[in-house]
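Taken in sequence, the protein lines are chains A and B.
Residue numbering for the first sequence follows this note's numbering, starting at 169 and increasing by one per position.
Residue numbering for the second sequence follows this note's numbering, starting at 26 and increasing by one per position.
Following: one structure in structure tokens, then a few remarks.
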Amino acid sequence: MPTLIIDHQKISVPEGTKVIEAAEKLGIMIPRFCYHPALGSLGACRMCAVKFLEGPVKGVEMSCMTDAADGMVVSTTDPEAVEFRRYVIEWLMLNHPHDCPVCDEGGQCLLQDETVSGGHGLRRYQGLKRTYEDQYLGEFVQHEMNRCIHCWRCRRFYQDFAGYLDYGAMQNGNRMYFGRFEPGPLESPFAGNIIDLCPTGVLTDKPARYQGRRWDFQRGPALCLHCSLGCNLVGNARYRQMIRMEGRFNDAVNGYFICDRGRFGFAYANHPDRPRKARVGEKEVSLAEALQTAAQRLAQISDQYGSGAVAGWGSPRSSLETLGALQWLSRRQGWAEPRFFPHPSLERQVKVAISRLETGIAVSLRDLEKSDFILVAGADPVNEAPMLALALRQAWRRGATVAVIDPRPVFLPFEFEYLPVSPGVIDLCLDLLSKAALSADAAEGRLDPEAAGFYRLLTDEYPENPVSQDRLAALGRKLAECRNPVIVCNTDIVRDTTPGRAADHVRLLKAAKGRAGLFYLLPGPNAFGAAMLSAPEAVDLVEAIENGSVKALLIVENDPFRSYPDRERLTRALDNLELLVVLDYLPSATVARAQVFLPTATVFEKEFSHYVNQEGRLQQTAPLHQSGTPISQVGGGTHPPRTFLEFIPGGEPRPAAEILTALADALTEGEGDPAEGDLWGWLSRQHEAFHRLAALPEVEPDAGVRLLPEEGAVGAFSPEPWTKPGEPPTGQLELLLVDQTFGTEELAGYSAYIQKVEEEPHLLLHADLAADLGLAAGDLVALHLPGGEVTVRLKTALRMAPLVAILPRHRRLDWQKVYGWPTWIAPDRIKKL
Amino acid sequence: MAEQVLLLNRQTDRPLSFDEYRKSGGYEALMATLGSRTPAEVRQIVLDSGLRGRGGAGFPTGRKWSFIGKEHPRYLVPNTDEMEPGTFKDRVLVNVNPHLVLEGIILSAYAISAAKGIFFIRPSYEMDAELIERELAVAREARLLGNNILGSDFSFDLLVHRSAGRYICGEATAQVNAIMGRRPHPNKEVHMTDEGLWGKPTIVNNVETLACVPHILQKGPEWFKALARSHGGAGTKLYCVSGRVTRPGCYELPIGTPLCEIIAEAGGLSPGSELKAFLPGGASTSFMPKKFLEVEMDFEPLKATGNRLGTGAIIVFDQNTCLVGATLNLINYFARESCGFCTPCREGLPFIRDLLRRLENGEGKEEFIPMLKQMAHHMSKAYCAFAPGAASPLLGLLNHFEAEIQEHISQRQCPFKSLE
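In structure tokens, the structure reads:
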């Protein structure tokens, strides 16, 4: 721990700390441009010069390039350093256009701040300014290169941190240019981060352009709901609509960065067709009236068929408050147990997954970066949870081996081992890897009896393909050598057994190595919370409607028309209902069918809410604004009419939890104990995790709270030997319905910005298979699914499992024509049109 | 004429052939060394010889080699980038005696146990690159390159890499980045001797330095030291003389030869010219006035004057040359060649250029002088040695010829232009 003195203050810092970081710990912000905590030191801008008075370094040096050392005496205010820094800012400003009044960065610009603080007030350079031509960089990032001060942050993030190469530095000297080789959309789904990183207005948020200054915005902490990782955001709202998102630092989750889906997906909240009015039948009514009608009709059904004929159906995109309120209401009224997942098989998988997570095994995204061997089993990070790919890259940059076992042509922005296998073989590959890696540990009796028991069950029957055999063996050796392995597993395309199998292997590796981590991806931002609350046995609500046991459905922030795999069956079932009440904020197909519709508020509006991410981290999100119909300026410069209203136009939506509580009140007018209305009190009685929450201090820690059982609390292995699946049915292809970065995620699908960058939906086949079928990439094909035909263009790949057909759950594709999982289709069911 | 070592048997119209080189004892050092001396012994001999790098920095070659990391493969990068204005010695050397250069490379590779050499050459030296490639084939044919050279267990081969251009590519770390296809930025964070090309131990040496090695091994370190004129110097030096002299050219003289003798070797000043100033070692050294005529042209004596030997490229200016204009010319070059990585170099040099241009055009102001002084000094706080080098002639101008700047300001024009 070197101890040094900075500006007369003493501080001890860990070995390897840079002087600029040590100063920051003392609250001294040394000016900087190129240094960024996530990108590290570079030494390019020379802005952080300080004077070293005593110690191993002497004179004016860069504080970002100098390790803190014992005996150092540093002055950040020494005249020589100050004069040099004044020159640096003067140099940086030589060519800057000084167009702050028309620059979106104005008011939140590091260059402005440091120009003022650096004491550069008068222009002495009289020459011509350098100018550049700007480039089109896609729909997200606006490029205005004249403002550039060449701090390198964008390139270092884009190429070094994120691993994409289509944007970078060109030219030399003071002609140096940051951009693409030729204009075109940035390829990286993390490109938006260069907006946050740019210290001035070269790279600004295109959708938010000219929408306001920072001080115009209602700003606050928000959470990303576009996958299960729970990245932290700063939201900006103005004139009753959401304007832009920035990354918010969370050391345990996303670090400084977010993906473009998270950055630009928010616009669903501003959707022009967003239903903001309550409705009974076709008629718009007040929220109170709709509530009254809903309560009346629900009570009617309950009286007529018994209270079990009413069922609630929520989804993992809702907050804990909403899901909890739905469950509370259901139990209070004696309704059927509410469901929170689109179908039972997904619910079962998620439950298995969360039941296997405990402290000591669960790893955060940040922990993942410190792993030295990461096995991704049945997950496609860039498409499913983009920030996971960025975390994997950081692990790789530190020397980790990353291996992906997945049927899809997985792309990651770094080199990784890739084993393309069908979902049915993933369990087998896990077994073979552990078997190979831990043979010595097992032989020498280093495993505890339980682990040894599980080890003995592992198969060593290699699949027939000798290539994968060699590669599995080689990977097994690497797994044997590593010290801190992590298994990443999604609950999407894998077999029901895989999440549990992955957990067993993590326990086995932990028994052998002392350390091992488990990282799941789950279907939705609050899938963890939803699974925690769900009743033990998974029930198919559609089946319950079909057999007549459910007559009224209360659908809360859920669009089964999007998520239920068999749309025809769903439609028939809903037609049989006597009552459909829908609460939502999206203009969905389900909302359109509602007999009673109650508009709800989005995560950005009105109330604090909580979500549990895939590692069990409970995080709070704050309301940013009072929503309403966005204010738009119309007319040719005339003043808008000066009418003053007592309400916010379009401001009727309420948080779903509030509506459900109001519904409860309406159902039991005057009766009931008010204490029962305390949702969190009720939740803490329902689930141990919520009980522990009650004991937490009012202000939650920034990183959120892990709702996981103590280490060792989760039961032992679930040992079952691997059994060779009776699949595939000879010659048939497994249909995989998958996510893609843009286009399949529900909320972002309603964002006008994301819609602009969606890739067209494609059917993906192995190139050899396509050739055998006489098909070529680009062909329009008809795919006969069990429930009907889908017309789609074909794409092929060589780097993927051979016997699968991959279809994205794209919002513009009617894929909801399957009966369940796995779905097998004969190759002759794909025909060229 | 002084003893010729590197330019021995120099022909006026063609390079020496392999056979000619062999006849005059060429490759005997290599034959004598392989199998009889260990690489460590070779390194020690070179260390004892006092050979210092001829690329400009003057770092003791034997010491640089002693830092070589443990890992394999190791790389040797003979540097023929030679983008320093006024410098053309490497080109002359390669054209006089390509096989001396090759033998030096092979021996040096042996000294550091390098498996591969990458001959980095500037793009405008295309003919020279072709020459080296031709002679490489000859050497390979003679089993002097490739696997098991001369039947020993030492294997080494060399390929020619043509630079895409830019002065900064001459800087060792930038050069390594350039070879790897990255932006040629200097990198002060890594030790090249441990993590150079593709993360492996790498030595970058100027070809003139490498060409000294065969002679040192053959005739011994004491002989090499004795070649020098200056106290503590070692070897001969290829001096490039240009500017207002009668016979501009490349002259091999004992290192430490006084400047006036080198100028005399070049036939003295041009008729009608009177010495006003000179740059001792290329564009990135400082102007020196006439009073330094006796200075010994070696690393230490020049260091004592506050200047550098650099590449030993002497540029001579006479009484009719405007030094503000000359400085502007040089700064213009450096501003253009900057890699753009750090602020002082990327933005500061164009600012200096702008001020000099205004001075030269008669728009100069008194306050430019302190600004130029401050900026020239601040260039030392840039990332690499490029910016301080670029500021050197400006510092020389400010230190020794401020009166000339004042004349530009008071006359509101370049006094030399008014002479014309």
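Backbone N, C-alpha and C fix where the C-beta goes; we use that ideal spot for every residue, glycine too.
{"Item": "With 8 Å set as the bound, which would you pick, yes or no: does the beta-carbon of A/Trp-564 sit closer than that to a beta-carbon of chain B?", "Value": "no"}
{"Item": "Helix, strand or coil, according to DSSP, for A/Ser-180 in the structure here?", "Value": "strand"}
{"Item": "Do the stretch 161 to 179 of chain B and the stretch 230 to 250 of chain B meet, that is, are 3 or more Cβ pairs less than 8 Å apart?", "Value": "no"}
{"Item": "With a 10 Å radius around its C-beta and 16 neighbouring C-beta atoms as the bar for buried, classify B/Ile-241 as buried or exposed.", "Value": "buried"}
{"Item": "What residue from B/Ala-154, B/Pro-296, B/Val-270 has the CA that sits closest to B/Glu-286's CA?", "Value": "B/Val-270"}
{"Item": "Straight-line CA distance for A/Ser-231 to A/Phe-220?", "Value": "9 Å"}
{"Item": "Where does B/Leu-41 sit, in a helix, a strand or coil, going by DSSP?", "Value": "coil"}
{"Item": "Between the beta-carbon of B/Thr-112 and the beta-carbon of B/Thr-352, is there less than 8 Å?", "Value": "no"}
{"Item": "Measure the C-alpha to C-alpha separation of B/Gln-36 and B/Val-121 and round it to an integer number of angstroms.", "Value": "7 Å"}
{"Item": "Could you run through the stretch 402 to 420 of chain B and flag, in chain order, every residue whose CB is less than 8 Å away from some CB of chain A?", "Value": "His-403, Lys-406, Ala-407, Tyr-408"}
{"Item": "Between which two residues does the beta strand (DSSP E) carrying A/Asp-664 extend?", "Value": "Counting along the chain, A/Asp-664 falls outside any beta strand (DSSP E), and DSSP gives it neither H nor E."}
{"Item": "By the three-class DSSP mapping on this structure, what secondary structure does B/Lys-315 have?", "Value": "helix"}
{"Item": "Using the beta-carbon of each residue, which ones in chain A are nearer than 8 Å to B/Gly-365?", "Value": "His-318, Ala-337, Gln-339, Asn-340, Gly-341, Asn-342, Arg-343, Met-344"}
{"Item": "Between which two residues does the alpha helix (DSSP H) containing A/Arg-992 stretch?", "Value": "First, the residue type needs correcting, since residue 992 of chain A is Trp and not Arg in the sequence shown. No alpha helix (DSSP H) contains A/Trp-992, which is instead part of the beta strand (DSSP E) from 991 to 993."}
{"Item": "Could you tell me which of A/Leu-962, A/Leu-397, A/Ala-939 sits nearest to A/Ala-950, measuring between CA atoms?", "Value": "A/Leu-962"}
{"Item": "According to DSSP, is B/Ala-77 helix, strand or coil?", "Value": "The displayed chain sequence assigns Arg, not Ala, to residue 77 of chain B. Residue state, collapsed to three classes: strand."}
{"Item": "Anything in chain B within Cβ reach of A/Trp-983, meaning under 9 Å, just list it in chain order.", "Value": "Result: empty, since nearest Cβ-Cβ is about 43 Å, beyond 9 Å."}
{"Item": "Let me confirm a value: A/Val-654 is counted as buried when at least 16 other C-beta atoms fall within 10 Å, else exposed. Which label applies?", "Value": "buried"}
{"Item": "A/Cys-213 touches chain B at which residues, Cβ-Cβ below 8 Å?", "Value": "Cys-367, Thr-368"}
{"Item": "List the endpoints of the continuous beta strand (DSSP E) containing A/Ala-620.", "Value": "Premise fails: A/Ala-620 lies in the alpha helix (DSSP H), 617 to 625, not in any beta strand (DSSP E)."}
{"Item": "Select from A/Gln-379, A/Met-169, A/Val-478, A/Lys-519 the residue whose C-alpha is nearest the C-alpha of A/Ala-706.", "Value": "A/Lys-519"}
{"Item": "At the 8 Å Cβ level, is B/Asp-106 part of the contact set with chain A, yes or no?", "Value": "no"}
{"Item": "Counting only the same chain and skipping the five closest in sequence on each side, list residues whose C-beta sits under 8 Å from that of B/Ile-137.", "Value": "Pro-64, Arg-68, Trp-90, Ile-93, Arg-99, Leu-101, Pro-226, Ile-228"}
{"Item": "In chain B, what lies closer than 7 Å to A/Phe-252 by C-beta?", "Value": "His-403, Lys-406"}
{"Item": "Can you tell me whether B/Gly-206 is buried or exposed, with buried defined as 16 or more other CB within 10 angstroms of its CB?", "Value": "exposed"}
{"Item": "Look up A/Gln-339 in the DSSP assignment and say whether it is helix, strand or coil.", "Value": "coil"}
{"Item": "Give the residues of chain B in contact with A/Leu-260, contact being defined as C-beta atoms less than 9 Å apart.", "Value": "Thr-368, Glu-372"}
{"Item": "Taking DSSP as the reference, what is the three-state secondary structure of B/Asn-231?", "Value": "strand"}
{"Item": "With 8 Å set as the bound, which would you pick, yes or no: does the beta-carbon of A/Ala-217 sit closer than that to a beta-carbon of chain B?", "Value": "yes"}
{"Item": "Under a three-way DSSP split, which group does A/Phe-358 fall into?", "Value": "coil"}
{"Item": "A/Val-187 and A/Pro-170: beta carbons closer than 8 Å?", "Value": "no"}
{"Item": "For the stretch 131 to 154 of chain B, which residues have a CB atom closer than 7 Å to at least one CB atom of chain A, in sequence order?", "Value": "none"}
{"Item": "Going along the chain, which unbroken runs of the alpha helix (DSSP H) with 4 or more residues stay wholly within the stretch 750 to 829 of chain A?", "Value": "757 to 761"}
{"Item": "Quick check: the Cα distance between A/Lys-445 and A/Ala-834, rounded to an integer number of angstroms?", "Value": "19 Å"}
{"Item": "Looking at the unbroken alpha helix (DSSP H) that takes in A/Leu-601, where does it start and where does it end?", "Value": "594 to 605"}
{"Item": "What's the gap between the Cα of A/Ser-396 and the Cα of A/Glu-913?", "Value": "11 Å"}
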